[in-house]
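With the numbering used here applied, the sequence shown corresponds to residues 49 to 235, in that order. Note that the Cβ used here is the ideal one computed from N, Cα and C, for glycine as well.
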Amino acid sequence: MVALKYIDIVGRRKIMLFTPPGMIFGLVLASISFYYLTKSTGGVLVDGAKYPKTWSSLVLFSMVFYVASYATGLGNVPWQQSELFALDVRGIGASIATSANWAANLVIGATYLSLMHAITPSGAFGFYAGLCLLGWLFCIFCYPETAGLSLEEVKLIFRNDFGIKASERMRAAKRELRERGDEPGSP
49 MVALKYIDIV
59 GRRKIMLFTP
69 PGMIFGLVLA
79 SISFYYLTKS
89 TGGVLVDGAK
99 YPKTWSSLVL
109 FSMVFYVASY
119 ATGLGNVPWQ
129 QSELFALDVR
139 GIGASIATSA
149 NWAANLVIGA
159 TYLSLMHAIT
169 PSGAFGFYAG
179 LCLLGWLFCI
189 FCYPETAGLS
199 LEEVKLIFRN
209 DFGIKASERM
219 RAAKRELRER
229 GDEPGSP
């Protein structure tokens with residue numbers, strides 16, 4: 049709920065650029081911790097095995113860190129993206145985006161245990177860290193900031209490409225107009 053309060057103040061793009069590194073860090077730390085945690089058991093988790101408390105604690109810390117990073121960014125921002133769709137397709141676009149989100153959750157949930165068994169817990173968390181890295185790179189190169197833009201302006205920024213530079217120019221121009229007091233509707 050905290051992230052939803054600040055999403056328009058901080059901006060979606062900034063949140064999506066600054067929280068994935070925390071997710072990646074948490075997953076990489078989990079991968080490293082699982083590697084050393086399961087070193088004596090051949091890379092697999094064994095019921096009843098006595099694992100070192102240091103590595104067990106680091107696994108717990110890394111998961112808490114990952115979840116905190118996820119909750120402040122990727123857990124909230126995608127639910128606020130209906131403005132990326134034109135008004136005439138907004139319902140369909142939001143439905144497809146929501147379906148894709150839940151489909152990805154289903155795939156990860158359904159394959160998690162099999163993946164841990166196939167490539168070890170360390171490998172599974174390393175794989176998830178790689179997926180997060182790819183998502184972060186997508187945000188860096190393809191995700192524009194839409195905070196403070198009208199629906200018509202959002203439509204304009206996607207006219208030629210992903211709209212990152214267009215959104216930056218448009219937001220800077222609006223900020224300058226606001227600072228000068230020349231914004232439409234101001235006295």
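With 16 or more other Cβ atoms inside 10 Å of its own Cβ, residue 197 counts as buried. In the structure shown, the three-state DSSP call for residue 166 is helix. The shortest CA-to-CA distance from residue 54 to any of 195, 91, 152, 182 is the one to 195. Annotation: residue 207 is outside any alpha helix (DSSP H) and is labelled neither H nor E by DSSP. Pairing residue 174 with residue 112 gives a Cβ-Cβ distance that is not under 9 Å.
DSSP, reduced to helix, strand and coil, places residue 89 within a helical segment of the structure shown.
The beta carbon of residue 202 is closer than 6 Å to those of 131, 194 in its chain, skipping five residues each way along the sequence. Around the C-beta of residue 139, fewer than 16 other C-beta atoms lie within 10 Å, and the residue is accordingly described as exposed.
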